[in-house]
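Quick note: the sequence shown, position 95, residue 983 per the working numbering, numbers continuous.
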Amino acid sequence: MSLVSKYLRFSATVVLGALAGVIVTGPAQAVPRAPANGLVVFDREFDAGNYELYTVDTSTLALTRLTTNTQDDFGAVWSPDGTKLAYSSDIGGGNYEVMVMNANGTGVDRLTHNKDVDSLPSWSPDGTKIVFQRSGGRGDVELYSMNADGTGVLRLTNNRVDDNFPTYSPDGTKILFSSTRTGNGDIYVMNASGGGAVRLTRSKRPEFYSAYSPDGTKIAYDGFAGDWEIFVMNADGGNQVNITANIHDDRQPTWSPDGTKIVYVASNASGDVNVGTMNPDGGGSAMLTTGGKTEELPDWQGV
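Pasting the structure below:
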């Protein structure tokens, strides 16, 4: 499976459209977060098509494998207190469910139980809710939330397009996500309870993965313009800046808990895709992992 098709495996085909302008909304208000940066979790293609979860120590670069099975485990995100990981796992036949486990890979618990594809979870800042995406028989992707124990599932979007890659704002009142509702992949924000969606990007390129800075004033996201690049904009959609601007793919940005770094995945001339960090302005890049493996969807632990 190609890099781009792997990245977009839970999205419909992207259609480019002629778009212009930016809608302005107020920035999300920040709440306190853990100031220290811990481990980075990510998924790595261990065998062809089989992704497993790993962590990397950003100081020593030591790797720890968390999952060891024949299923596809991917898209892990840290709970706000850094003690749990929510992630997606193929329990058989392409039936992906949202799971949760301890930070060391033990104590696995299944949170969703249905025949649809449930994936890409994200915790609310207080740790009581998880938002995720679900694709089913209609062929589109919708957003749902649930309690952290898997109860109280609530549908947040209901349309015939793809709504993907949800993540909470730092104060928990908003959900950032990507949608193809205008034909192109664009970044949107809506109320955490659903509704009130506002479009933040209106470029000709598809844009998908996005994340708030810890203080809620900035959003990092990726966009495709011949290759994948990483952009940073204000929380209201203004001042969009390409911070990578190179010939290789740079994707899936997430902020460090202290807001001083962005972790992401980057390809190189050999076609490897590994995890790296950089400053929020794109400078100071450094790789955390190397080698001929495909890696994706990093997330930084707060401790």
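Glycine included, C-beta positions come from ideal geometry on N, C-alpha and C.
Measuring alpha carbon to alpha carbon, tell me which of the options ends up nearest residue i.
i: Asp1224; options: Ser1033, Asp969, Asp1051; result: Residue 1224 lies beyond the stretch modelled for the chain, which goes from 889 to 1191, so this question has no answer here.
i: Val1049; options: Val1129, Arg1026, Val986; result: Arg1026
i: Thr1065; options: Met1166, Leu951, Val1019, Glu1183; result: Note on identity: in this sequence residue 1065 is Phe, with Thr being the wrong assignment. Selected option, being the one with the closest Cα: Val1019.
i: Gly1125; options: Asn1156, Tyr1076, Thr1165, Arg1093; result: Tyr1076
i: Met989; options: Ala1133, Leu941, Gly1172, Tyr1100; result: Leu941
i: Gly1084; options: Lys1062, Pro1102, Thr1105; result: Lys1062
i: Thr1132; options: Asp1146, Tyr1109, Pro1145; result: Tyr1109
i: Phe930; options: Val1161, Leu1044, Thr1070, Lys1003; result: Val1161
i: Lys1149; options: Gly1164, Pro1168, Asp1028; result: Pro1168
i: Pro1058; options: Gly981, Glu985, Ser1144; result: Ser1144
i: Ala1080; options: Asp960, Val1153, Phe962, Thr1045; result: Thr1045
i: Asp978; options: Asn1156, Val1153, Gly937, Pro1102; result: Gly937
Would you kindly work out how many angstroms separate the C-alpha atoms of residue i and residue j, rounded to a whole number?
i: Gly1159; j: Lys1181; result: 9 Å
i: Asn1052; j: Ser976; result: 14 Å
i: Gly1073; j: Glu1095; result: 5 Å
i: Pro1054; j: Ser1098; result: 8 Å
i: Glu1117; j: Pro1141; result: 10 Å
i: Ala1123; j: Thr1039; result: 31 Å
i: Gly995; j: Asn1127; result: 43 Å
i: Ser1023; j: Arg1093; result: 23 Å
i: Ala964; j: Pro1009; result: 8 Å
i: Thr955; j: Val1120; result: 32 Å
i: Ser1007; j: Met987; result: 9 Å
i: Gly1171; j: Trp1188; result: 19 Å
Taking all protein chains shown into account, decide if residue i is buried (16 or more other Cβ within 10 angstroms of its Cβ) or exposed.
i: Arg1090; result: buried
i: Ala1036; result: buried
i: Thr1068; result: buried
i: Asn925; result: buried
i: Arg998; result: exposed
i: Lys1106; result: buried
i: Lys972; result: buried
What does DSSP give as the partner residues of residue i in its beta bridges?
i: Tyr1224; result: As shown, the chain starts at 889 and ends at 1191. That puts residue 1224 outside it, with no answer to give.
i: Ile1063; result: Tyr1056, Met1078
i: Tyr984; result: Asp978
i: Ser1033; result: Val1019, Leu1042
When the Cβ atoms of the region 939-954 are set against those of the region 1159-1177, are three or more pairs found closer than 8 Å?
-> The region 939-954, when compared against the region 1159-1177, does touch it at the 8 Å Cβ threshold.
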